[in-house]
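Student:
There are 4 protein chains.
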Amino acid sequence: MLDDDRTGTPAAHPAEPAHADRDSLRARYAAVRKRTEDLAARLSPEDMQVQPRTECSPTKWHIAHVTWFFETFILREVFPRRKPFHPDFPFLFNSYYWGAGPRQPRPERGLLTRPPLDDVYAYRRAIDADMDRLLAIAEPDTLAAMLPVLEIGLAHEEQHQELILMDILDLFSRNPLRPAYRPAEAAPAASGAAAALRWHEHPGGIVGIGHGAPGFAFDNEGPRHDALLRPFRIASRCVTNGEWLAFMQDGGYERPDLWLMDGWGTVQAEGWQAPEYWVRDGDGGGGWLQYGLTGTGPIDPAAPVVHISFYEADAYARWAGARLPTEEEWEAVAAGLPVEGHFLVHPARDALTPRPAPAAVGPVQMFGDVWEWTGSPYRPYPGYRPPAGTLGEYNGKFMSSQMVLRGGCCATPAGHLRPTYRNFFYPHERWAFSGVRLAEDC
Amino acid sequence: MLDDDRTGTPAAHPAEPAHADRDSLRARYAAVRKRTEDLAARLSPEDMQVQPRTECSPTKWHIAHVTWFFETFILREVFPRRKPFHPDFPFLFNSYYWGAGPRQPRPERGLLTRPPLDDVYAYRRAIDADMDRLLAIAEPDTLAAMLPVLEIGLAHEEQHQELILMDILDLFSRNPLRPAYRPAEAAPAASGAAAALRWHEHPGGIVGIGHGAPGFAFDNEGPRHDALLRPFRIASRCVTNGEWLAFMQDGGYERPDLWLMDGWGTVQAEGWQAPEYWVRDGDGGGGWLQYGLTGTGPIDPAAPVVHISFYEADAYARWAGARLPTEEEWEAVAAGLPVEGHFLVHPARDALTPRPAPAAVGPVQMFGDVWEWTGSPYRPYPGYRPPAGTLGEYNGKFMSSQMVLRGGCCATPAGHLRPTYRNFFYPHERWAFSGVRLAEDC
Amino acid sequence: MLDDDRTGTPAAHPAEPAHADRDSLRARYAAVRKRTEDLAARLSPEDMQVQPRTECSPTKWHIAHVTWFFETFILREVFPRRKPFHPDFPFLFNSYYWGAGPRQPRPERGLLTRPPLDDVYAYRRAIDADMDRLLAIAEPDTLAAMLPVLEIGLAHEEQHQELILMDILDLFSRNPLRPAYRPAEAAPAASGAAAALRWHEHPGGIVGIGHGAPGFAFDNEGPRHDALLRPFRIASRCVTNGEWLAFMQDGGYERPDLWLMDGWGTVQAEGWQAPEYWVRDGDGGGGWLQYGLTGTGPIDPAAPVVHISFYEADAYARWAGARLPTEEEWEAVAAGLPVEGHFLVHPARDALTPRPAPAAVGPVQMFGDVWEWTGSPYRPYPGYRPPAGTLGEYNGKFMSSQMVLRGGCCATPAGHLRPTYRNFFYPHERWAFSGVRLAEDC
Amino acid sequence: MLDDDRTGTPAAHPAEPAHADRDSLRARYAAVRKRTEDLAARLSPEDMQVQPRTECSPTKWHIAHVTWFFETFILREVFPRRKPFHPDFPFLFNSYYWGAGPRQPRPERGLLTRPPLDDVYAYRRAIDADMDRLLAIAEPDTLAAMLPVLEIGLAHEEQHQELILMDILDLFSRNPLRPAYRPAEAAPAASGAAAALRWHEHPGGIVGIGHGAPGFAFDNEGPRHDALLRPFRIASRCVTNGEWLAFMQDGGYERPDLWLMDGWGTVQAEGWQAPEYWVRDGDGGGGWLQYGLTGTGPIDPAAPVVHISFYEADAYARWAGARLPTEEEWEAVAAGLPVEGHFLVHPARDALTPRPAPAAVGPVQMFGDVWEWTGSPYRPYPGYRPPAGTLGEYNGKFMSSQMVLRGGCCATPAGHLRPTYRNFFYPHERWAFSGVRLAEDC
């Protein structure tokens with residue numbers, strides 16, 4: 001039901017999930033749920049409790065909220081008389097759905113020291129048991145009807161997995177001990193010089209944009225439509241830390257002529273001098289170190305710059321005599337590429353930080369490593385209408401004042417991304433794993 | 001020089017102004033400058049001194065700033081060794097040009113009780129005399145070189161004429177006496193029922209967007225480029241006060257489901273219950289009156305609603321089952337229409353408030369009366385590059401987080417507007433004469 | 001060393017503690033330390049982690065900070081080459097002592113999810129072991145020299161015990177579940193009518209104020225000095241909830257004439273309608289319930305009103321035709337009374353909320369139940385000089401803009417209080433167990 | 001009626017004013033009113049319009065407000081059916097009297113560009129004419145009854161005369177032109193070395209404090225009562241600029257140990273490095289200049305430091321090994337001295353800035369030049385009760401969180417001050433002509 005309105009091809013989708021094998025569905029559900037718990041396994045109850053600022057949520061809240069999502073939009077939809085697991089949890093763990101009733105104010109999620117973590121895990125167990133049973137025994141019609149929402153629920157939980165890593169990094173970064181979420185595997189070998197930057201031309205013309213193929217996508221990725229592009233060039237890889245240091249050394253953070261007006265105001269108000277999580281090297285030499293999920297270490301000049309705002313990405317592009325790609329340009333290039341890259345596979349084994357791009361002829365690093373700011377404001381596609389019902393609030397109501405990012409990052413669960421995937425943040429925000437790739441007119 | 005970079009047709013424009021008649025230029029300059037003084041003539045020195053909030057400027061500052069513009073970008077460019085009229089004025093009256101040196105902080109323009117108004121007028125007289133002499137005797141080459149900047153300077157002053165009216169209305173609205181800038185001519189006759197709303201189809205396809213013809217335009221109106229539109233319908237006239245009252249009575253300001261997330265946050269933070277400058281009728285009946293430049297009076301249900309934010313326009317459209325037009329859709333419709341409408345002609349004789357649309361078959365009221373919010377964020381057109389030099393800061397650096405409005409209003413000087421003209425405000429702002437026209441997909 | 005400067009009677013105090021029995025000292029130290037852990041025993045790691053607002057601290061931080069106090073001001077003073085238990089803990093757990101080096105910003109204490117609670121308890125164990133050994137084996141001279149600081153350290157920890165209860169109440173009150181720190185013993189019997197209010201006269205004259213007797217006191221309680229009082233009357237007991245309800249019903253929170261200017265500004269800015277932690281009864285009758293450490297329950301009209309600001313105390317007194325006592329008046333009455341009352345004995349058995357005053361002829365309830373706002377700003381006594389060294393920052397630097405409260409409360413550890421004891425809060429603060437007793441001129 | 005309650009000697013005062021000569025009363029009234037207009041004569045309508053921040057008011061508002069005071073508390077009291085001069089003026093020009101009805105919010109006084117200055121002066125003329133007639137012809141009983149309020153009205157206007165100078169200085173200081181209210185008479189001769197600082201002993205004991213003699217005083221100066229003082233020493237003169245520079249050079253603004261906690265917080269939040277209105281000398285030498293009503297000039301090391309906060313005065317005293325006097329100590333010394341000093345006589349001829357103290361044996365400069373911060377919070381005297389009626393709001397409701405200053409300054413109208421006069425400001429405020437005199441214990 002969700003997909004139909006969005007794509008305008010109602011027949012295709014309900015049919016498709018009906019072929020899904022129950023056991024593989026149950027396995028997928030279990031695997032997604034397990035990854036959340038794997039992410040939390042390294043955290044103490046205290047780590048999971050604190051909300052460092054309004055934009056971030058406590059891990060405990062994330063864990064409860066994604067559970068509430070399945071309870072509310074699947075279990076209580078399928079069984080309309082089903083009571084909530086706990087009468088207060090809908091209030092506590094609803095995020096922003098007006099249609100689902102009142103809720104704990106977002107800035108006060110960190111005050112919820114009760115329910116304790118054990119109760120939240122008990123909630124999780126109970127909902128998981130019911131979900132598994134439902135997937136096992138539901139009538140085919142019921143299963144078909146709930147499948148689109150199940151897909152949303154799984155994708156939703158994957159989004160919160162990335163948020164858990166983002167929010168924990170923000171929290172830990174404000175602790176003077178600068179704890180590591182996980183130790184680095186070994187002292188990373190110096191990665192050597194970055195791959196040379198090359199430019200790849202695209203001829204422009206009319207291109208199809210947005211999700212239209214079978215398979216799940218969020219409503220904001222559609223409807224698929226034509227866009228008219230002018231010829232352009234796109235960089236073969238993302239901007240590196242080494243290039244960013246050159247920008248800084250050239251006064252990038254001190255020259256208002258490089259910045260959008262609102263960006264320069266933010267630079268001054270926030271005292272920005274470098275990307276988020278860069279810290280001064282204490283050796284007095286004026287150098288920089290980079291803090292991340294594996295602790296503090298040297299800056300790898302070949303790795304992509306990360307944790308920058310749109311304002312910084314835009315200023316860098318101006319300094320470099322280039323510009324940001326639009327989201328349509330980005331998608332036109334990405335559409336023909338395999339969705340492969342450095343994503344989140346398992347928190348115990350991943351690098352947990354962006355890695356240098358390989359040397360290559362064609363565009364690389366389009367997927368994974370860092371989200372790439374585009375020059376496109378996040379607005380509805382032509383013909384977009386949010387789905388009916390409460391889940392219509394999922395994406396549509398955020399379509400103002402934010403900018404689109406594309407491609408996923410090293411904290412995005414593997415398998416989550418699509419070339420049509422649209423992420424969005426406010427232009428001043430830096431706690432996502434956000435970087436930049438340049439473009440220019442032909 | 002300004003236009004060339006922008007339009008990509010460098011040869012055309014320098015040639016064109018060279019044909020201009022010196023006397024008509026001098027007359028145009030004098031006429032534009034006179035209109036500013038006509039607007040100020042009804043104001044006391046105190047009225048012209050106060051800055052009610054950061055976004056607004058004192059009339060005295062407007063008057064000085066537009067003068068500084070001619071002094072800085074024409075007289076001191078033509079005569080590089082020319083000293084400023086007063087050594088402190090460049091600091092006091094520069095608005096936001098980094099390239100022109102440091103400046104008085106914007107929120108503190110109202111603190112400049114010195115220089116007194118007489119000195120500002122003396123400044124004006126001196127610059128006007130020099131400008132007039134320059135226009136009279138400049139070598140043809142010099143004249144040709146300065147003409148593009150002169151056009152900007154005149155258009156710039158016209159923009160500030162509209163700002164003077166906007167800012168004075170804001171200031172007076174916060175005085176409990178609610179003074180009238182000018183008395184209304186007479187008790188306005190009830191305007192009767194609004195013209196019926198009709199929908200006009202546009203077939204979509206590839207349309208040319210942006211300024212490309214001879215004649216002046218701002219850099220942000222170009223370069224002219226093709227855009228691909230889907231078929232759409234646009235409303236024959238703007239939304240009226242009567243329709244807005246229906247929205248209010250249907251709980252428009254109390255239903256979060258109608259609003260963008262940021263919009264609803266603003267409604268709650270600001271306590272919005274009606275458009276800006278609507279005031280409760282003191283008779284206890286719960287009705288509304290409208291405050292404006294001619295004082296407080298009844299709400300004309302047939303006149304277009306005015307002083308609404310983008311958020312309100314967007315919520316209204318959702319409530320009405322429609323949407324806002326994009327700026328390209330708006331321009332595609334407007335391109336074929338004469339630029340006629342209810343603009344500012346003379347403050348002594350104008351209505352100074354939007355008037356009802358006439359009954360008509362085709363789209364009317366596209367120009368004048370109220371600026372029309374579009375659904376388009378204010379971003380550069382494909383291929384846009386700001387002009388070189390300080391005037392490159394005029395438009396480009398504002399291209400984030402604002403929305404485009406089109407069509408001009410009753411406070412826009414007649415002759416100022418073009419179908420390609422792009423105005424822009426933040427989505428929460430309401431002190432412009434901003435309204436809304438609906439669109440929908442075919 | 002600390003006491004000497006303060007009291008001006010250097011000989012008396014060092015001599016006195018030298019008689020102390022080592023074993024009783026060790027037992028006192030252990031008992032005070034144990035009470036902190038008893039208080040924490042009912043809290044989860046998450047409860048102990050969160051800082052609900054700048055003025056409050058996490059329980060975990062309190063527990064670590066009081067330990068740092070003994071480590072820093074005793075162990076590292078006695079053994080100057082002793083290293084800190086952990087190199088980062090002095091930074092993390094210093095509260096406000098400039099002399100002890102830089103520190104974690106107060107508003108960010110809640111961000112310290114690391115070190116985990118276990119490490120903080122390990123810290124505690126280590127310091128306790130060393131303190132116990134030191135008390136057991138120190139040379140008599142060393143013991144004598146450290147005793148004044150030990151007394152401060154123990155009193156300091158008792159102050160933080162009260163703060164733990166205050167801060168946990170504040171935290172839990174902002175959780176929509178409104179958890180109880182501990183269940184109430186049983187449904188409290190209706191306590192019946194409050195004891196009648198009587199007035200007790202004091203003849204005024206020159207009275208001795210401040211600490212001068214043997215035994216420990218904080219530096220801000222001295223030096224003892226004479227004060228000249230006019231004849232006055234003081235109320236036999238504190239203002240009750242029943243009396244406060246009468247004030248509310250008479251429009252106490254709506255009449256600006258009853259309030260100090262700053263108080264009325266606070267009423268309006270904060271929307272105060274009742275004491276802190278009073279909540280509307282959900283039955284629709286407009287009544288009130290009281291939330292506290294044992295949960296939410298009916299308001300006992302005979303119990304003293306608690307969790308009011310100085311502004312409210314002052315407004316109430318004005319409404320009642322009386323005034324607040326000065327701190328000298330309060331002390332002149334209290335000096336002759338035994339320091340007996342309803343204090344904190346053990347969190348498992350206490351009422352944890354103020355109890356009604358007994359019927360009595362003389363003044364009662366001067367000690368315990370609720371801190372009593374006085375009309376005296378917190379300023380140094382005549383001749384006051386802070387002690388030399390870092391502990392001179394303990395009290396002196398707070399002597400501006402706060403008001404004195406006297407008498408202790410139900411959350412103050414038994415044995416902590418003296419008639420000369422001066423507590424202090426800003427006039428708008430309400431999270432202490434603060435109440436009010438009236439006075440008037442004769 | 002006003003004085004009686006306050007002093008407790010009701011018979012004395014009504015009798016006394018009855019001896020007043022009508023003509024001398026009319027002359028006094030006229031002289032006070034004229035001085036306000038003399039102060040305004042150097043200001044433009046724009047200067048008189050702007051409110052630079054909430055604590056300051058526009059000169060135009062001051063001029064209207066003092067007029068409203070006579071209209072409201074005398075003319076409309078004597079003639080109860082008298083209508084206001086203009087129906088909106090009570091709303092616009094009431095300052096803070098709840099009893100006198102609603103009013104323009106204080107932060108928005110500067111928005112009142114209407115009524116124009118001419119209307120305010122017309123208001124002034126009308127009230128002055130009626131006041132003069134009333135003083136000329138009122139029945140003796142009426143005259144006697146109104147005399148206490150007349151005295152308040154005149155003293156009130158004198159207070160606003162000082163405020164006009166303070167507020168204009170604040171406004172002009174924020175104009176980058178740094179205009180002079182009036183040019184300095186001539187380049188001031190270097191004043192030479194400051195008089196040597198001497199200490200004068202007071203034996204302490206019981207002293208009478210507060211106003212008790214015949215003649216007008218504000219209610220907050222009474223009731224007269226005894227206070228018990230310890231022996232103390234007071235400095236012969238105020239702290240000089242030269243001494244303050246030594247404090248600065250010794251790191252006075254960088255050493256937290258010298259400051260009260262709230263004071264240090266203010267230093268950091270505001271970036272204080274010197275007294276208010278000190279500006280860096282532009283010659284690059286790191287020196288300072290002083291801006292004042294006669295413009296910017298060198299700092300006179302012998303003149304008293306001015307425009308310092310209580311926090312700065314307190315920190316200086318701590319640095320100097322001294323303390324601030326209490327208000328009772330100050331008054332005990334001042335009581336025996338003639339009320340002579342450097343006050344405001346006429347804005348055209350005065351220095352308009354504090355002058356060095358003369359060399360002398362006894363305490364000098366107690367009156368005039370600079371207000372002297374005391375260590376006493378502004379609280380009611382024992383037995384104080386505000387007068388009945390609306391004028392009871394004049395002083396009493398401000399008695400929290402402010403500190404007492406004594407002695408008047410160079411902007412206080414001559415004749416306005418008494419040894420018992422209590423001025424009060426918040427401890428962080430600096431725009432009054434506030435300085436400091438040291439004291440110490442014997």
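Protein chains in written order, with full-length UniProt numbering: chain A, 1 to 442; chain B, 1 to 442; chain C, 1 to 442; chain D, 1 to 442.
We put the beta carbon where it would ideally sit given N, CA and C, even for glycine.
#1: Name the DSSP bridge partner or partners of S434(D)?
#2: Skipping 5 residues on each side, what residues in its chain have a beta carbon closer than 7 Å to that of A210(B)?
#3: Tell me where the beta strand (DSSP E) around I74(B) begins and ends.
#4: Scan the region 88 to 100 of chain B for residues whose Cβ lies nearer than 8 Å to a Cβ of chain D and list them as they occur along the chain.
#5: Taking E55(B) as the reference, give the member of S434(B), F425(B), L438(B) and A439(B) with the closest Cα.
#6: Answer with yes or no whether the minimum CB distance from R109(C) to chain D is below 8 Å.
#7: Taking 8 Å as the CB-CB cut-off, is L117(B) touching chain D?
#8: With a threshold of 8 Å between beta carbons, is R430(B) in contact with chain D?
#9: What are the start and end residues of each continuous beta strand (DSSP E) run of 3 or more residues lying completely inside the region 331 to 403 of chain D, in chain order?
#10: Just by C-beta distance, which residues in the region 168 to 183 of chain C are closer than 7 Å to chain A?
#11: Evaluate R124(D) with the Cβ neighbour count: other Cβ atoms within 10 Å of its Cβ, from every protein chain shown; 16 or more gives buried, anything less gives exposed.
#12: Are there 16 or more other CB atoms within 10 angstroms of the CB of I152(C), so buried, or fewer, so exposed?
#13: For a cutoff of 8 Å on Cβ pairs, would you count S400(D) as touching chain C?
#14: Mind listing the chain D neighbours of L260(C)? Cutoff is C-beta to C-beta under 9 Å, in chain order.
#15: Enumerate in chain order the residues of its own chain whose CB-to-CB distance from Y291(D) is below 7 Å, with the five nearest sequence positions on each side excluded.
#16: Comparing the C-beta of L228(D) with each C-beta of chain C, is any distance below 8 Å?
#17: Is the beta carbon of A313(C) sitting closer than 8 Å to the one on V436(C)?
#18: I'd like the ranges of any beta strand (DSSP E) spanning at least 3 consecutive residues and lying wholly in the UniProt domain "DinB-like" (29 to 163) of chain D.
#19: Between which residues of its own chain and A335(D) is the CB-CB distance below 6 Å, once the five residues before and five after are set aside?
#20: For G375(D), which residues in chain C fall below 7 Å Cβ to Cβ?
#21: Put P256(D) into one of helix, strand or coil per three-state DSSP.
#22: Helix, strand or coil: how does DSSP classify R318(C) here?
#23: Suppose contacts are defined by Cβ-Cβ distances below 8 Å. Is A303(C) in contact with P356(C) by that definition?
#24: What are the partner residues of R280(C), as DSSP defines its beta bridges?
Tutor: Walking through what the data contain:
#1: Within the fourth sequence, numbered from 1, the residue matching residue 434(D) stands at position 434. Looking at the DSSP output, S434(D) bridges to W371(D).
#2: Counted from its first residue, the second sequence places residue 210(B) at position 210. It should be noted that the sequence gives Gly, not Ala, for residue 210(B). E221, G222, P223, R224, H225, Y381 and T420.
#3: Counted from its first residue, the second sequence places residue 74(B) at position 74. Per DSSP, I74(B) belongs to no beta strand (DSSP E) and is neither H nor E.
#4: Within the region 88 to 100 of chain B, the qualifying residues are D88, F91 and L92.
#5: Position 55 of the second sequence holds residue 55(B). Taking each of S434(B), F425(B), L438(B) and A439(B) in turn and checking the Cα distance to E55(B), the smallest one comes out for F425(B).
#6: Sequence index remark: in the third sequence, residue 109(C) carries index 109 (1-based). No, its Cβ sits nowhere closer than 8 Å to a Cβ of chain D.
#7: Translated into positions along the second sequence, residue 117(B) becomes position 117. At a cut-off of 8 Å, the C-beta of L117(B) has a neighbouring C-beta in chain D.
#8: Your numbering for residue 430(B) matches position 430 in the second sequence. No, its Cβ sits nowhere closer than 8 Å to a Cβ of chain D.
#9: Complete beta strand (DSSP E) runs here, min 3: 371 to 377.
#10: Within the region 168 to 183 of chain C, the residues whose Cβ lies closer than 7 Å to some Cβ of chain A are L171, R174, N175, P176, L177 and P179, listed in chain order.
#11: Residue 124(D) sits at position 124 when you count from the first residue of the fourth sequence. Answer is buried; the Cβ neighbour count reaches 16.
#12: Walking along the third sequence from the start, residue 152(C) turns up at place 152. When all chains shown are included, I152(C) counts as buried.
#13: Taking the first residue of the fourth sequence as position 1, residue 400(D) is located at position 400. With 8 Å as the cut-off, S400(D) counts as an interface residue toward chain C.
#14: Here residue 260(C) refers to the residue found at position 260 of the third sequence. Within chain D, the residues near L260(C) are G396, K397, F398, M399, S400 and S401.
#15: Translated into the one-based positions of the fourth sequence, residue 291(D) becomes position 291. Taking C-beta separations shorter than 7 Å and ignoring five residues to either side along the sequence, the partners of Y291(D) in its chain run S173, R178, Y277 and V279, following chain order.
#16: What you label residue 228(D) is simply residue 228 of the fourth sequence in a count that begins at 1. Chain C, which has a Cβ nearer than 8 Å to the Cβ of L228(D), makes this yes.
#17: The residue you call residue 313(C) lines up with position 313 of the third sequence. The residue you call residue 436(C) lines up with position 436 of the third sequence. A contact, by the Cβ cut-off of 8 Å.
#18: If we require 3 residues or more, the UniProt domain "DinB-like" (29 to 163) of chain D turns out to have no beta strand (DSSP E) run fully inside it.
#19: In the fourth sequence, the residue the question calls residue 335(D) occupies position 335. Once the five neighbours on either side are set aside, the close Cβ partners of A335(D) are P419.
#20: Mapped onto the fourth sequence, residue 375(D) falls at position 375. Against G375(D), the close residues of chain C are R379, in the order they occur along the chain (beta-carbon pairs closer than 7 Å).
#21: Counting from 1 along the fourth sequence, the entry for residue 256(D) is found at position 256. The answer is helix: DSSP assigns P256(D) an H, G or I state.
#22: As a working note, residue 318(C) is residue 318 in the third sequence. Here R318(C) sits in helix by DSSP.
#23: Numbered from its first residue, the third sequence carries residue 303(C) at position 303. Numbered from its first residue, the third sequence carries residue 356(C) at position 356. The criterion of a C-beta distance shorter than 8 Å is satisfied by A303(C) and P356(C).
#24: For the purposes of this step, residue 280(C) is taken as the residue at position 280 of the third sequence. Answer by DSSP bridge pairing, in chain order: W288(C).
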